[in-house]
Amino acid sequence: MRTLAEDIGAALGTGAHLAGLRRTAAGRFRLAEAIDLASLEALPAPERKARLVALESMLSQLPRVELDAAAEAKLRNGQAVPLLVPAEGISAVYGPGGALVGLGRADGDRLRPLRLTQVPEKG
64 MRTLAEDIGA
74 ALGTGAHLAG
84 LRRTAAGRFR
94 LAEAIDLASL
104 EALPAPERKA
114 RLVALESMLS
124 QLPRVELDAA
134 AEAKLRNGQA
144 VPLLVPAEGI
154 SAVYGPGGAL
164 VGLGRADGDR
174 LRPLRLTQVP
184 EKG
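Position one of the sequence shown corresponds to residue 64 (this note's numbering), numbered consecutively onward.
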């Protein structure tokens, strides 16, 4: 939208900008379903938990890459790991047993870490 406003301004031979912009949806998430932090904190624990969306659910539209334990360890240490099937773009990355590792960026035959989840505590 910002670029569209600039383009319209350029076509008219003048400057242009947006005075305001409000996102009402992002993918399958709608503003009408959102809750502010103060309201969320005020809810009783069971209701609060029911309002939260699981991270895995938010990533369900992304391509899925599954890693073995050795590849997961390398990715968590910031190293790119080889992909069996060449790909491009952002993927949801899962480790052994289906545990979410985070987001990775595929670049041909390599997957690089983008944003990773915290390593689960053992014990």
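Every residue gets a Cβ at the ideal spot worked out from N, C-alpha and C, and that includes glycine.
Same chain, Cβ closer than 6 Å to residue i, neighbours up to 5 away in sequence not counted
i: residue 156; result: 128, 164, 165 and 167
i: residue 150; result: 169
Own chain, CB closer than 8 Å to residue i, minus 5 neighbours either side, in chain order
i: residue 73; result: 79
Spatial distance of residue i from residue j (CA atoms)
i: residue 65; j: residue 112; result: 36 Å
i: residue 101; j: residue 116; result: 17 Å
i: residue 130; j: residue 76; result: 53 Å
i: residue 147; j: residue 69; result: 43 Å
i: residue 86; j: residue 99; result: 15 Å
i: residue 133; j: residue 140; result: 11 Å
Contact set for residue i: own chain, Cβ-Cβ below 7 Å, skip 5 residues either direction
i: residue 88; result: 94
i: residue 145; result: 172 and 173
Residue from the options whose Cα sits closest to the Cα of residue i
i: residue 84; options: 76, 123 and 67; result: 67
i: residue 137; options: 175, 107, 119 and 98; result: 175
i: residue 158; options: 151, 149, 179 and 150; result: 179
i: residue 142; options: 110, 154 and 177; result: 177
i: residue 121; options: 104, 92 and 82; result: 92
Residue i, buried or exposed, once every other Cβ within 10 Å from all chains shown has been counted against 16
i: residue 123; result: exposed
i: residue 160; result: exposed
i: residue 169; result: buried
i: residue 135; result: buried
i: residue 154; result: buried
Which residues DSSP lists as bridging residue i, in chain order
i: residue 139; result: Note: residue 139 sits in no beta bridge, so no partner.
i: residue 154; result: 167
i: residue 88; result: 93
i: residue 75; result: DSSP, once it has assigned bridges, lists no residue as partnering residue 75.
i: residue 144; result: 174
i: residue 129; result: 157
i: residue 179; result: 165
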